[in-house]
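Chains as they are written, first to last, in the working numbering: chain A, 13 to 476; chain B, 31 to 227; chain C, 17 to 115.
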């Protein structure tokens, strides 16, 4: 096993651990809606929420990095350049995340000064981590980019997938720089912030996961490189063709000119189209390859990715993406419902799939077997479906009673938060969240004991 | 050129990305001009010296902020430099307390507490002036921000975030300026109850 | 837009994309199993999608341009599964032959 792949296993383990923190703090955030005086005076909703959404970013990022480090030596036939630095930075990254979490829990906030932004809290959604930590994340990503690009230069060869991955590291690093400034004008601040959230998370990450899934499909199903690369180019063309100006659906209400209503609505309406192609592709792969794979969990999680992306990003997104409708639904639990489903489908399922692929080789399993993965797959997906369905009920109630009827005021907000439909949705969300958490526990147990519990048919080269 | 030739799609991917990115850059240049303070959609920070209201604009078919006569905040008219200092400070307070992780601003944030885009215009402040024994809306807002635990709201209470008098005044200034931004009618029907058909 | 019209329009748009998904899945399964019944079911799903588009066009307060966009999307949705399938089939066959 190469050093890069050992590092990949570490990153994937850390990703799964932070997935757990995200789940736990998600449950806590959901619990505040049911019991508002929970931990009052000790730990308020905003801190639980920060931990929930920041660990979401961290675990997915670590999952992607793990996946890339896993495939790099196979793609280039050599260890990545500067792997020693990446190994060192892994521990720095983990330690920094823990320190930031402790600061959030025990310090929480500071006075309204620049020093607070440097030391404790930046208070911008998804990038709340203080600047010193953001510098750390930027450094980790720079080294990650060098590991890919530097290796390609040294190896004097590059595959199509690695070329896309290499080019993608440029916006991946550059867009993250938006995590630093504290622009006073909120309209301008949000304008750039959406470059970080939409173009970073929904464009560069889409390309990153596209490359990762392309490599996964080659390994999982033995699909030829030419086929996979052809599809990857199509995906890049369609995702960026619709997604770059799809950014416009975030510019409806932040003070920007109203031409964004037309541009954002138009390109957002196109966004589900490539996702339908992915669904058809998944059906094709499921039908032609199902019997040949030796790693069913990885395969099923790959399918869940295609369907989840279509439903969460496509169907749930399209309900609220046209400006006339978004005007009512924006900033309600409806957005939360769409966000949970889309992140799950677009990224989380893919990272879990990679974990199974890497573990199969790491533990030298001829086939990944057992039943536990089915339980975790079912509980996580039904839990998620239940959560987004419940949030949809609450979101619809909020858009209807608070916005459309109530006039969007403080009084309308409070009245709707106490509306029986809204309350029902939030209670049910917590229940389904518990099911999701049970699925997470089963997933961890399955990953931890894979190959040690199920019969191993034949063993390939043992891991070092 | 065949559609199943990867080179066709590679060229397509590069061309699409470049075209879309160039269009985005042009739109960004135009949008930034509109949303800079003093631009066509975002008033200068000195707007905090004036009355702000919200009314339906039949030409644009949505609600628009209306800038009125002089109405200095906390009874003090401020110059451009002081207004900018207040807005800078207000934003730092909002970030340092992670307000956006409970509230939303222009619909972006955490949905646990009310949206603050037009909070300055909220009719509830009339009642809050009596509750906080304040003689103005801005004073009521500042008193609430400094000691939220003293005033009964509802079951989701706002915690005391150690906001000083200076910080509270800057935050109120920020919220007043925020309400003056043309947000294309968001949030909808603000301050009006609609009866459905 | 009235509150009721807002909810109805939004629901219809969600169902519109959902119907496209059902159509795509049934089409794929029909081709995979060479089943006429599944292909008919796919046709029914697409007919349902057309019904939803008709409801959007006739019964929602969306502007003409948006309705046109949704109509055009419906036509593209019709073409995506067969085009994707053909492309998949051809590329896999060609590579298989090359191998």
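Every residue, glycine too, gets a C-beta built ideally from N, C-alpha and C. The model shown is predicted, which means the values in this text are computed figures rather than measured ones.
- Shown in chain order are the members of the segment 288-305 of chain A whose Cβ falls below 7 Å from a Cβ of chain C: 288, 289, 291, 292, 293, 295, 296 and 299.
- Taking a C-beta cut-off of 9 Å against chain C, the contacting residues of the segment 407-429 of chain A are 408, 411, 412, 413, 415, 416 and 417, listed in chain order.
- Going by DSSP, residue 62 (chain A) is part of no beta strand (DSSP E) but of the alpha helix (DSSP H) stretching over 57-88.
- By the Cβ test, the segment 436-454 of chain A is in contact with the segment 26-42 of chain A, since at least three Cβ pairs between them sit closer than 8 Å.
- Residues of chain A whose Cβ lies closer than 8 Å to the Cβ of residue 34 (chain C) are, in chain order, 323 and 327.
- In this structure, residue 46 (chain C) and residue 54 (chain C) form a Cβ contact; the two beta carbons are roughly 3 Å apart against a cut-off of 8 Å.
- Residue 80 (chain B): member of the beta strand (DSSP E) spanning 80-87, first to last residue.
- Close CB contacts of residue 57 (chain A) within its chain, under the 7 Å cut and outside five residues either way in sequence, are with 41 and 44 (chain order).
- Looking at A:341, A:464 and A:311, the one whose alpha-carbon comes closest to that of residue 219 (chain B) is A:341.
- Taken through DSSP and simplified to helix, strand or coil, residue 119 (chain B) comes out as helix.
- With at least 16 other beta carbons inside 10 angstroms of its own, residue 170 (chain B) counts as buried.
- Per DSSP, the continuous alpha helix (DSSP H) segment holding residue 456 (chain A) begins and ends at 432-461.
- Taking the Cα positions, residue 70 (chain B) is about 12 Å away from residue 213 (chain B).
- Among the residues facing chain A, residue 51 (chain C) is not included, as its CB has no counterpart in that chain under 7 Å away.
- Of the candidates A:338, A:434, A:401 and A:309, A:309 places its Cα closest to the Cα of residue 381 (chain A).
- The three-state secondary structure of residue 162 (chain B), taken from DSSP, is coil.
- Bridge partners of residue 380 (chain A) according to DSSP: A:307.
- Boundaries for residue 297 (chain A): no beta strand (DSSP E) harbours it, while the alpha helix (DSSP H) harbouring it runs 284-301, taken from the DSSP string.
- With a contact defined as Cβ atoms closer than 8 Å, residue 59 (chain B) and residue 77 (chain B) miss out at about 24 Å.
- The Cβ atoms of residue 174 (chain A) and residue 87 (chain A) lie closer than 7 Å to each other.
- At a cut-off of 7 Å between beta carbons, residue 103 (chain B) makes no contact with chain A.
- Out of A:325, A:104 and A:120, the CA that lies nearest to the CA of residue 354 (chain A) is found in A:325.
- For residue 166 (chain A), the CB contacts under 7 Å within the same chain, skipping 5 residues up- and downstream, are 93 in chain order.
- In the DSSP assignment, the residues bridged to residue 138 (chain B) are B:135.
- The distance from the Cβ of residue 172 (chain A) to that of residue 241 (chain A) is about 4 Å, consistent with a contact at the 8 Å cut-off.
- The three-state reading of DSSP puts residue 36 (chain B) in helix, counting H, G and I together.
- Annotation for residue 182 (chain A): 157 place their beta carbon closer than 8 Å to its own, counting only its chain and skipping 5 residues before and after.
- Contact with chain A is found for residue 184 (chain B), since one of that chain's Cβ atoms lies less than 7 Å from the residue's Cβ.
- Assignment of residue 94 (chain B) by DSSP, reduced to helix, strand and coil, places it in the strand class.
- By the Cβ test, the segment 116-128 of chain A is in contact with the segment 119-133 of chain B, since at least three Cβ pairs between them sit closer than 8 Å.
- Rounded to whole angstroms, the separation of the alpha carbons of residue 345 (chain A) and residue 408 (chain A) is 8 Å.
- With a threshold of 7 Å between beta carbons, residue 230 (chain A) makes no contact with chain C.
- Boundaries of the alpha helix (DSSP H) around residue 176 (chain B): 167-176.
- Residue 234 (chain A) and residue 117 (chain A) have their C-alpha atoms spaced approximately 46 Å apart.
- Distance between residue 51 (chain B) and residue 279 (chain A), taken at the CA atoms: about 14 Å.
- Rounded to whole angstroms, the separation of the alpha carbons of residue 238 (chain A) and residue 410 (chain A) is 49 Å.
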